[in-house]
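Numbering (my numbering), first residue to last: 6 to 170.
So, in structure tokens, the structure goes:
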């Protein structure tokens, strides 16, 4: 599969492009970059990021988001192709707001979209950018829903155990 084919395939399977026509996805694909990461490479870490202001989308491989909670490392999510990372700084948050560590568990390919490239694209394709940002919101909403469900499941488990850990 060529680089362009992989970018298009990944975009077609992402919440970012759910409302776009094929020709619009092809236009959007031109502003993405594909980067390969070796297993064990960090994409994001709390408080630092060479990829700040960059949205990341997994194309292939295994990438894991973790956080340190109570001194212990906890897996937040194992990203699937089409899943996003780096949303906080991409939408204007500061690097200090990054709380998760994102690491390639296997050799992985990741699509990168710099905020400045999307902003430049905005002048000629405002509708596409609008629908992409709606896709970002849908993706974040899905994360929040998943985390809320996990919280309820954990509370129910603790309640059923009578508060015993």
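In this text, a Cβ means the ideal position worked out from N, Cα and C, and glycines have one as well.
The model shown is predicted, which means the values in this text are computed figures rather than measured ones.
For residue i, name the three-state secondary structure that DSSP assigns.
i	result
residue 92	helix
residue 38	strand
residue 143	helix
residue 206	The structure shown does not extend to residue 206, since the chain is modelled only from 6 to 170, so the question has no answer here.
residue 99	coil
If you count every other CB in all the chains shown that lies within 10 Å of the CB of residue i, and 16 or more means buried, which is it?
i	result
residue 74	exposed
residue 111	exposed
residue 94	buried
residue 27	exposed
Among residues of its own chain, excluding the 5 on either side of residue i, which ones have a beta-carbon nearer than 8 Å to its beta-carbon?
i	result
residue 140	19, 20, 21, 22, 23 and 24
Residues in the same chain with beta-carbon distance under 7 Å from residue i, minus the five sequence neighbours each way, listed in chain order, please.
i	result
residue 76	none
residue 79	71 and 72
residue 60	89, 91, 92, 95 and 118
Tell me which residues share the same chain as residue i and place their Cβ nearer than 6 Å to its Cβ, disregarding the 5 neighbours each side in the sequence.
i	result
residue 143	20
residue 106	50 and 71
residue 84	63 and 68
Would you list the residues sitting across from residue i in a DSSP beta bridge?
i	result
residue 74	77
residue 150	Answer by DSSP bridge pairing: none, since residue 150 is not bridged.
residue 83	69
Measure the beta-carbon distance from residue i to residue j and round it to whole angstroms, keeping in mind my assumption that it falls under 8 Å.
i	j	result
residue 64	residue 13	Actually they do not touch by this definition, with Cβ atoms about 10 Å apart.
residue 7	residue 62	Residue 7 to residue 62, Cβ: 17 Å. No contact.
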